[in-house]
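Written below as structure tokens is the structure these notes are about.
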Amino acid sequence: MVRTRRIWVTAAAVLALAGGVSGTTAHAQQAPVAVTSGGKLPPGWHIDRGRQAPQLVWRSGRRVPMGDARVEFRADGRLLGVPKPERDGRSFRLGLRGGRAGALKNLQVWSGGRQLDTRTGPDASGPAAAARPPAPLPANPVDPGRPGPYRTKTGSYRLKSVRLPGFSVPVEMQAAVVAPTGASGARPLALFLHGRHATCYAPQGGSDDASGAWPCPAGTLPVPSHRGYLRDQQLLASQGYVTVSISANGINGQDWQAEDGGAQARSSLIRLHLGHWADWARDPRHAPPIVRESPRADLSRVLLIGHSRGGEGVNRAAMDSLYPPPAGQDGYHGPVRWHISGTVLIGPTVFGQNPVPDVPSLTILPGCDGDVSDLQGEVYVDGTRAVGKGKALHSAVYVIGADHNFFNTEWTPGQAQAPAEDDFSDDPDHPDPVCSPHAATRLTADQQHRAGSTYIATAARLFVAGDDRARPLLDGSGRRAPSADPARVLAHAVGANRGAGFLPDGKVTVTGGRLCSAVDPDPAVSCLGAAATGISPHFAQWETGREAGRHAIALHWTSAGSAARVRVARPVSLAGADSLALRVFVPPNSRGTSLDVSVTDSHGRRATLGRVRVDGLPGSDRTASYWARELRVPLTAAHRAGLDLRSVTSLGLTPRSGSGQAWLMDAWGWRPGTPAVHPAVLPRVDVGRLTVDEGDSGVRTYHVPVRVSGRGSGQVRVYVVDPATGTAKDRLVTVGPGGHGIDVPVEVRGNTRYGADVPYDVLVKAVHGAVVGSYRGGVTVRNDDPAPTVTVTPLADRVTEGSALKWRISLSAAADTDIGALFVPVPVGSGGTELSTKDVDPTWLADVSGAEPDPERPLSQVDGLYLWLDVPAGQTGLDVTVPTVRDQVAEPAESVTFRQTDDGGDPLPGGPTLTGTVLDAA
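Residue 912, in this note's numbering, is where the sequence shown stops; the numbers in between run on with no holes.
The following block contains the structure:
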């Protein structure tokens, strides 16, 4: 006998809390609702039958601004999936398919490393101490943030909208152009792409009237996000660049349905614009007026700048320009008539964690990012190590006090046409010590935008113009651009003239420290434990709860002099290097950590190179401040000691502070300069998705569609996700053209029982000598059987008070998934007396509704009283009871009727009912 369960929901949020039925046909409830010790969903959560299958729904108590980080549902720490946002800005829906059939325990909503469905209370220890900005770095002799000699001209163009694969609505081809006037010859081209933001707004409305609809409904206007970089464009144009900023509202309004978050669509849009610019450079007669009035664009020198999801889009466009994507997934089908000299990624997403290794990049990390708050864009640096040739400079600059939105004036309050806000949401009663508006470390909108403009121009000066004097601003040499003042901007890098080094992801052994895992649920294995204040961009989580091949070296000491040593399996060569460059971070707000650095060669000779000092970044529990500083020690002492720098076997770190913690990301031989970059010939891997019917009988084997193109061979790591548990198994695979190496078979057993669609997901990440485009795919097995019908049989529908009313819910056939329905009490017919709150067991009443018997009222007037009936998978029925109590009051016969609800939580006319009568005991 199955008792009904208590479900915490508000009256407005009850949308058929589980798979309801249409008529007399039950629909599958793929996940049991008993999700906490009390058997209830947390506040704000419910299950809705939806149009085709049950959906898990979370409604926020306040509007969730449309942003770039992906909203994710998680259960017990594992990823359930990416929900679809509703237009109200508060509700998110996720289909409960077979792969999500496990118990929904510990439900949480995450976005960009930040949990959305919780509000952190005030710190019991009192207000946090105000953070102090670090001292200014020495000025670099060359400051790219200064305007150039040219006046500028601004205009725009609009072309015919385009259809992109996977999107049902055409996407606009619209752009803002800023170009120099009086500049001779062909000029390099800089293309900007904004990120994911609201697409439409009501001119007289507020922030609640902004939406992600596309096309924009009547009475609303498109948000001009592409015009938010005009200042950056004007600075570059004054220095001789033709600049264009393209609009992508049509992608933003539809990318929730793209498995990659819209990265391929954004790449297609970028390359469609570049194709037009190539046409116009060859024959300007058919170009828009602003293009004809601008200097001819030199497509051999192109810089791509992308903000947030636009950053992931420009990374993919750089990849697609070198290694073509599958034609069926691509919206551009012309020749590549351009060369991408470099990319700038501003607060970017990196859902695929698949950076292009051999195209120089600059990633701008905003220290107070409230959208992509885990600063996952650090992967565009860390994720390139050992993948390509290693000659492309990949730099990350950490801008202390910058938020996500203020790099775009159209996302900035007081400057935007549409409603805008500071994405770092601060509690005025408990201000964040680093990122609240009045903190000493927080930048104003204008200060932040000026810093962004300066570093975009720095990337242009280095990547496109080839001016090595700009390199010290990006490569960790510890220099600042005065034009960015008062912003504190710190930099580190990999690639360029860094040679061999110590990479924890390789074959190393560690003594005196710990080789830790970047992403692992086990605190004993993971690099940052639960005691960490904040998070690390270096350890941004991907789609799996545990990742292989991502490591760092953790040091923890209680007294000075306890050395840690890192030994490599094969000696590395530091010959020709000037210094050893280490990337090290310490806990936020800590100061004065000192480490002696030593190396040992294969002959056992050891030399102490020098001492480094590192301070923690300003940080709080809401920031990603465990970020590595670049530290350098000259190799002079090694030369003096006669070490064979061609054969170095170990690196030593000896703390000279009394106690502390530190993490080593890597160490490299370094010398100044920016070498020429020639992209390697690499194979490209793209994973597709196959959807098949399960069939009625037999066993069929299907294979996950994987395309390997290009030339050469490389290694990728393949993760196969168990649809029942959500856990992933991985293996290292060597790939080459023709698809050799990646074969994931899926066995499908046909039957005639109703079930859920079951996704068998596969994820792929590049390890060495390969690139990955479409990183996610698999085989989805579609249920093709009708749902069983529901019947209700009274077992005890006329009882004396003190006894229990009882009914049996029967299915016409067993199903492979839970079958659920929701029933609500309705008023009895005219002239009848309805069962009241004092006629039923008070414990039962509290269990199913949370209500008390007093004041006495009919059951149909009790807010939140619903009977959730769940027939478990494989069973064909359950018994439902409503216990009554005996009293001393003489009263007429009383009745109760529970009727199944529709999708809106209202009684379903003509639907199954549970009807009973209770007689007076006297």
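Every residue, glycine too, gets a C-beta built ideally from N, C-alpha and C. Here the structure is a predicted model, which means the values were calculated and not measured.
>> Is it the case that the stretch 482 to 494 contacts the stretch 139 to 150, given that we only count it when at least three CB pairs across the two stretches are under 8 Å?
In response: no
> From residue 310 to residue 590, what distance separates their C-alpha atoms?
Replying inline: Rounded to whole angstroms, the gap between the alpha carbons of residue 310 and residue 590 is 43 Å.
> In three-state DSSP terms, what is residue 62?
Replying inline: strand
> By Cβ distance, which residues of its chain are closer than 7 Å to residue 252, with the 5 residues on each side in sequence left out?
Replying inline: 241, 245, 299
> Pick from 544, 688, 753, 692: whose alpha carbon is nearest that of residue 718?
Replying inline: 753
> Should the stretch 622 to 631 be called in touch with the stretch 542 to 555, which here means at least 3 C-beta pairs below 8 Å?
Replying inline: Contact between the stretch 622 to 631 and the stretch 542 to 555 is absent, because fewer than three Cβ pairs lie under 8 Å.
> Rounded C-beta distance between residue 255 and residue 157? I'm assuming under 8 Å.
Replying inline: Contact annotation, residue 255 with residue 157: C-beta distance approximately 6 Å; criterion of less than 8 Å satisfied.
> Is the CB-CB distance between residue 874 and residue 782 below 9 Å?
Replying inline: The answer is no: Cβ separation not under 9 Å.
> Skipping 5 residues on each side, what residues in its chain have a beta carbon closer than 6 Å to that of residue 872?
Replying inline: Taken in chain order, the residues that qualify are 795.
>> Based on DSSP bridge pairs, tell me the residues matched to residue 583.
In response: 604
> Are residue 540 and residue 605 closer than 9 Å when you measure CB to CB?
Replying inline: One thing to note: residue 540 has its Cβ no nearer than 9 Å to the Cβ of residue 605.
> What is the C-beta distance between residue 191 and residue 258, in whole angstroms, given that I count them as a contact (C-beta under 8 Å)?
Replying inline: At roughly 26 Å, the Cβ-Cβ gap does not stay under 8 Å, so residue 191 and residue 258 are not in contact.
> Going by the CB atoms, is the gap between residue 238 and residue 337 shorter than 9 Å?
Replying inline: No, these two residues do not count as a Cβ contact at 9 Å.
>> I'd like to check one pair, residue 699 with residue 347: are the Cβ atoms closer than 9 Å?
In response: no
> When the Cα atoms are used, what is the spatial distance from residue 128 to residue 571?
Replying inline: Their Cα atoms are separated by approximately 19 Å.
> Who are the near neighbours of residue 84 in its chain, counting only those whose CB is closer than 7 Å to its CB and skipping five residues on each side?
Replying inline: 45, 46, 63, 70, 71, 73
> Using 8 Å as the Cβ pair cut-off and three pairs as the minimum, do the stretch 411 to 429 and the stretch 374 to 382 touch?
Replying inline: no
>> Helix, strand or coil, according to DSSP, for residue 29 in the structure here?
In response: Its pLDDT being 41, under 50, residue 29 is placed unreliably in this model, and the value from its coordinates should be taken loosely. Reduced to three states, the DSSP call for residue 29 is coil.
>> If contacts are defined as beta-carbon pairs under 8 Å, then residue 760 and residue 677 qualify, I think. What distance do you get, rounded to the angstrom?
In response: No, residue 760 and residue 677 are not in contact; Cβ-Cβ is about 13 Å, not under 8 Å.
> Does the distance from the C-beta atom of residue 359 to that of residue 414 stay below 9 Å?
Replying inline: Taking 9 Å as the cut-off, the Cβ atoms of residue 359 and residue 414 count as close.
> If you draw a straight line from the alpha carbon of residue 837 to that of residue 434, how long is it in whole angstroms?
Replying inline: 52 Å
> What first and last residue would you give for the beta strand (DSSP E) that runs through residue 309?
Replying inline: It is not in any beta strand (DSSP E) - residue 309 instead sits in the alpha helix (DSSP H) that spans 299 to 312.
>> Quick check on residue 112: does DSSP put it in helix, strand or coil?
In response: Residue placement at residue 112 is flagged as unreliable, the pLDDT there being 39, under the threshold of 50; a coordinate-derived value is accordingly withheld.
>> Quick test of your reading: residue 464 and residue 387, contact by CB under 8 Å. State the CB separation rounded to the nearest angstrom.
In response: 7 Å
> First and last residue of the alpha helix (DSSP H) that includes residue 217?
Replying inline: Looking at the DSSP string, residue 217 is not in any alpha helix (DSSP H), and its letter there is neither H nor E.
> Hey, out of 889, 877, 661, whose CA is closest to residue 814's CA?
Replying inline: 889
> Enumerated in chain order, which unbroken segments of the alpha helix (DSSP H) with a length of 4 residues or greater are wholly contained in the stretch 625 to 710?
Replying inline: 626 to 630
> Can you find at least 3 beta carbon pairs, one from the stretch 216 to 236 and one from the stretch 390 to 402, that sit closer than 8 Å?
Replying inline: yes
>> Just to confirm, is the Cβ distance from residue 687 to residue 740 under 9 Å?
In response: yes
> Helix, strand or coil: which one does DSSP assign to residue 818?
Replying inline: coil
>> Just to check my reading of the structure: residue 140 and residue 180 have Cβ atoms closer than 8 Å, yes? What is that Cβ distance to the nearest angstrom?
In response: 14 Å between Cβ atoms; not a contact.
>> With distance defined between alpha-carbon atoms, name the residue in 530, 742, 832, 720 nearest to residue 1001.
In response: No statement about residue 1001 is possible, as the shown extent of the chain runs from -9 to 912 and does not include it.
>> According to DSSP, is residue 75 part of a helix, a strand, or is it coil?
In response: strand
> Out of curiosity, what's the CA-to-CA distance linking residue 142 and residue 447?
Replying inline: 16 Å
>> Output needed for residue 209: all residues of its chain with C-beta closer than 8 Å, excluding positions within five of it in sequence on either side, in chain order.
In response: 192
>> Rounding to the nearest angstrom, what Cα-Cα distance links residue 269 and residue 350 in this structure?
In response: 26 Å
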